[in-house]
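The structure appears below as structure tokens.
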Amino acid sequence: MKDLDKKTFLSRSARVEALSIFGFFSLLLAVSIAVEGFEYIVHFSATHESWELDEILTVMMIMPFAFAIYAVRRLIELRREFRRRVAAEKEASALAFHDPLTGLPNRRKAYEAIKTAIAKADAEPFALAMIDLDRFKAINDLYGHVAGDEVLLAAAENLCSHVRKGDLVARLGGDEFVVLLAGFSSSESLVVRVEELVEAFGKPVDLPSAKASATVGASVGITLVDRPGLATDRIITQADAAMYRAKSSPNQTFCFFEKGMDEAVARRARTERKLREAIDADEIEPYFQPLIELSTGRVLGYEALARWEGRDGRVKQPDEFIAIAEESGMIGELYFRLLAKAAKEATTWEGDCVLSINLSPLQFSDPWLVERTLQTLQQAGLPPARLEIEITESALVSEVETARAIISSFKNQGILVSLDDFGTGYSSLRHLSEFAFDKLKIDRSFITNIDTNENSQTIVRAVTSMAHHLGLKVTVEGVETEANAQSVRDYGCDFAQGFLYGRPEPARSVDCEESQAKSDVGEAA
Numbered sequence: 003m004k005d006l007d008k009k010t011f012l013s014r015s016a017r018v019e020a021l022s023i024f025g026f027f028s029l030l031l032a033v034s035i036a037v038e039g040f041e042y043i044v045h046f047s048a049t050h051e052s053w054e055l056d057e058i059l060t061v062m063m064i065m066p067f068a069f070a071i072y073a074v075r076r077l078i079e080l081r082r083e084f085r086r087r088v089a090a091e092k093e094a095s096a097l098a099f100h101d102p103l104t105g106l107p108n109r110r111k112a113y114e115a116i117k118t119a120i121a122k123a124d125a126e127p128f129a130l131a132m133i134d135l136d137r138f139k140a141i142n143d144l145y146g147h148v149a150g151d152e153v154l155l156a157a158a159e160n161l162c163s164h165v166r167k168g169d170l171v172a173r174l175g176g177d178e179f180v181v182l183l184a185g186f187s188s189s190e191s192l193v194v195r196v197e198e199l200v201e202a203f204g205k206p207v208d209l210p211s212a213k214a215s216a217t218v219g220a221s222v223g224i225t226l227v228d229r230p231g232l233a234t235d236r237i238i239t240q241a242d243a244a245m246y247r248a249k250s251s252p253n254q255t256f257c258f259f260e261k262g263m264d265e266a267v268a269r270r271a272r273t274e275r276k277l278r279e280a281i282d283a284d285e286i287e288p289y290f291q292p293l294i295e296l297s298t299g300r301v302l303g304y305e306a307l308a309r310w311e312g313r314d315g316r317v318k319q320p321d322e323f324i325a326i327a328e329e330s331g332m333i334g335e336l337y338f339r340l341l342a343k344a345a346k347e348a349t350t351w352e353g354d355c356v357l358s359i360n361l362s363p364l365q366f367s368d369p370w371l372v373e374r375t376l377q378t379l380q381q382a383g384l385p386p387a388r389l390e391i392e393i394t395e396s397a398l399v400s401e402v403e404t405a406r407a408i409i410s411s412f413k414n415q416g417i418l419v420s421l422d423d424f425g426t427g428y429s430s431l432r433h434l435s436e437f438a439f440d441k442l443k444i445d446r447s448f449i450t451n452i453d454t455n456e457n458s459q460t461i462v463r464a465v466t467s468m469a470h471h472l473g474l475k476v477t478v479e480g481v482e483t484e485a486n487a488q489s490v491r492d493y494g495c496d497f498a499q500g501f502l503y504g505r506p507e508p509a510r511s512v513d514c515e516e517s518q519a520k521s522d523v524g525e526a527a
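Quick note: the sequence shown uses our numbering, first residue 3, plus one each step.
Below, the structure is given as structure tokens:
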């Protein structure tokens with residue numbers, strides 16, 4: 003029953019009761035007048051003075067006023083109780099259909115609105131946009147849940163200010179939002195509407211609790227609905243599939259659903275589930291690729307690269323599962339398990355062979371990263387001085403101060419730190435002087451054709467010279483031919499890595515003092 007109906011029902015009931023009471027006493031008064039009841043009562047009271055009927059009559063005359071006061075007070079209390087119940091029902095309804103943090107419609111309300119829109123989609127087509135915040139987990143882990151709530155509140159406010167009247171903005175849970183877009187006249191106008199949504203995340207978000215600000219981007223997936231009869235879950239899945247396509251494309255902030263995307267999402271979900279099972283079962287293995295000193299050809303160490311040996315016997319490469327591990331929050335556990343295995347293997351190497359391992363930028367949000375790394379090395383029996391951490395340039399962009407603190411902590415423990423894939427990310431030359439790196443690793447894209455490409459030659463020569471003047475050693479990756487090796491050796495590079503010296507292989511014992519690089523061009527091919 004609606005609130006208006008309840009209020010009307012209460013007023014009608016009160017009027018009926020009042021009229022009944024008024025009618026009864028009116029009838030009683032009319033009868034008393036007709037039979038001259040008052041004179042009779044006075045006469046009876048005078049003839050029976052000992053009964054003290056006049057006092058009793060006085061009390062009876064006062065009682066109606068007392069009853070009236072009681073009735074009024076009782077009526078006021080009933081109205082207050084009614085208002086409290088109405089407010090409680092409204093609050094219960096708000097909790098059932100709205101997100102308690104942002105005040106936006108929740109998943110249940112969104113599903114009802116989508117279901118209603120689908121029923122009339124042939125006459126009023128609509129688009130559903132699925133929005134997932136980028137870097138939310140990192141901010142939440144770094145600054146705490148209060149800062150995470152501030153990001154969600156800002157996202158909700160920005161979305162509401164960038165939609166038009168009649169559009170629905172809802173929070174599905176976590177850092178996922180949906181926007182139901184209606185009233186567009188063409189695909190071009192829909193694209194404009196979507197671009198307006200993307201603009202909602204273009205400015206940094208203030209985090210008062212952390213006394214900081216952070217840029218939170220968003221990946222948007224859109225599906226167009228122009229016919230009724232579709233299941234709500236299917237619409238959500240399509241928008242979700244398009245969103246994941248946008249998230250996996252570095253230069254794409256939004257993507258429209260296309261046929262086949264839903265199967266890709268299902269395939270990704272299966273991969274994520276199997277990857278979680280593989281990590282729990284400790285099935286991710288380190289493969290080792292040699293790091294060569296160019297001046298002597300001596301093997302100085304090995305880089306541990308993750309390989310997923312599936313139950314079907316196929317070995318999956320990192321680009322097939324590392325991104326999924328990062329997005330699903332499994333990258334930290336994968337790193338420590340891989341480090342534990344690699345460090346244990348490194349203790350069997352003779353000499354002072356260095357173990358190199360990659361660190362994901364997302365792990366910078368782990369406040370116990372350095373401590374857990376040291377604990378893993380201690381349990382394996384590997385000295386910190388024999389570990390080299392490789393950090394990509396993207397880790398230095400989002401949280402500079404956090405990166406600086408973590409790098410300094412690694413260095414203070416004797417762990418070497420290398421800047422990986424230099425030249426492909428967003429790092430500036432300022433970072434080379436501000437961060438205490440030991441090595442700089444030039445990306446393979448500059449090495450592949452270095453013996454014939456003058457631009458690559460100039461870049462490698464200049465970067466090597468600059469690094470040496472800053473006190474950094476230079477490693478080049480992707481050396482596959484003798485010509486590549488001779489070129490980087492001539493330009494003064496210190497270390498090399500590539501198929502020329504060996505492909506990544508499973509664990510094996512190595513004597514770093516006596517091992518010499520083997521130029522196996524046939525294997526590189």
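Each residue gets a CB set at the ideal place from its N, CA and C atoms; glycine is no exception. Computed from a prediction, not measured in an experiment: that's the story for all the values here.
Can you tell me the Cβ-Cβ gap for residue i and residue j, rounded? I've got them flagged as a contact below 8 Å.
i: GLY533; j: ALA248; result: What is shown of the chain runs 3 to 527, which leaves residue 533 out entirely.
i: ARG446; j: GLY480; result: 3 Å
i: ASP422; j: ILE393; result: 6 Å
i: PHE259; j: THR225; result: 4 Å
i: GLN420; j: THR483; result: Just to set this straight, residue 420 is Ser in the shown sequence, not Gln. Contact doesn't hold; Cβ gap of about 24 Å is too wide.
i: PRO127; j: VAL193; result: Going by Cβ atoms, the distance from PRO127 to VAL193 rounds to 15 Å, so no, they are not a contact pair.
i: LEU154; j: THR234; result: The Cβ separation is near 24 Å, so there is no contact.
Per DSSP, which residues does residue i bridge with? Please list them.
i: ASP208; result: SER215
i: GLN381; result: Answer is none; GLN381 lacks a bridge partner.
i: ALA172; result: VAL180
i: LEU357; result: TYR304, LEU389
i: TYR289; result: LEU307
i: LEU130; result: LEU182, THR225
i: ILE294; result: VAL301, ALA498
i: VAL419; result: ILE391
i: LYS139; result: Beta-bridge pairing links LYS139 to no other residue.
i: PHE424; result: ILE444
i: VAL317; result: GLU311
i: GLU507; result: PHE290
For residue i, which residues in the same chain have their Cβ closer than 8 Å to its Cβ, ignoring the five residues on either side in sequence?
i: GLY231; result: ILE120
i: GLU507; result: TYR289, PHE290, GLN291
i: GLU328; result: SER362, LEU364
i: LEU161; result: ILE133, VAL171, PHE179, VAL181, LEU199, ALA202
i: THR255; result: VAL200, GLY219, ALA220, SER221, VAL222, ALA248
i: LEU209; result: ILE141, TYR145, ALA149, GLU152, VAL153, SER215, ALA216
Need the endpoints of the alpha helix (DSSP H) that residue i sits in, please.
i: CYS257; result: That residue, CYS257, is in no alpha helix (DSSP H); its beta strand (DSSP E) goes 256 to 258.
i: PHE1; result: Here the chain comprises residues numbered 3 to 527, so residue 1 is not present and cannot be evaluated.
i: ALA115; result: 109 to 121
i: ASP235; result: 234 to 250
i: LEU103; result: Premise fails: LEU103 is in no alpha helix (DSSP H) and is neither H nor E.
i: THR273; result: 263 to 282
i: GLU335; result: 333 to 348
i: LEU155; result: 147 to 163
i: ASN486; result: 484 to 492
i: GLU352; result: Here GLU352 belongs to no alpha helix (DSSP H), and DSSP marks it neither H nor E.
i: ILE449; result: Per DSSP, ILE449 belongs to no alpha helix (DSSP H) and is neither H nor E.
i: ARG195; result: 189 to 201
i: ALA327; result: 324 to 329
Going by beta carbon distance, what residues of the same chain come within less than 6 Å of residue i, once the five residues before and after it are set aside?
i: MET245; result: MET132, ASP134, SER221, GLY223
i: LEU170; result: ALA115, LEU182
i: GLY150; result: ASN142
i: GLU285; result: none
Terminal residues of the continuous beta strand (DSSP E) containing residue i?
i: LYS443; result: 441 to 444
i: PHE497; result: 497 to 499
i: THR225; result: 220 to 227
i: MET468; result: From DSSP, MET468 is part of no beta strand (DSSP E) but of the alpha helix (DSSP H) over 456 to 471.
i: LYS475; result: 475 to 479
Here's a check: name, in chain order, each residue in its chain whose Cβ is nearer than 7 Å to the Cβ of residue i, leaving out the five neighbours to either side.
i: PRO206; result: SER215, ALA216, THR217
i: ILE417; result: PRO386, LEU389, ILE391
i: ALA268; result: none
i: PHE448; result: GLY425, SER458, ILE461, VAL462
i: VAL165; result: VAL171, VAL181
i: ALA156; result: VAL207
i: GLY334; result: GLN365, ASP368
i: GLY168; result: ALA184, GLY185
i: THR450; result: GLY480
i: MET3; result: Only weak support is given to the placement of MET3: the predicted model assigns it a pLDDT of 41, under 50, and the value that follows is read from those uncertain coordinates. Around MET3: no qualifying Cβ.
i: GLY312; result: LYS318
i: MET468; result: none
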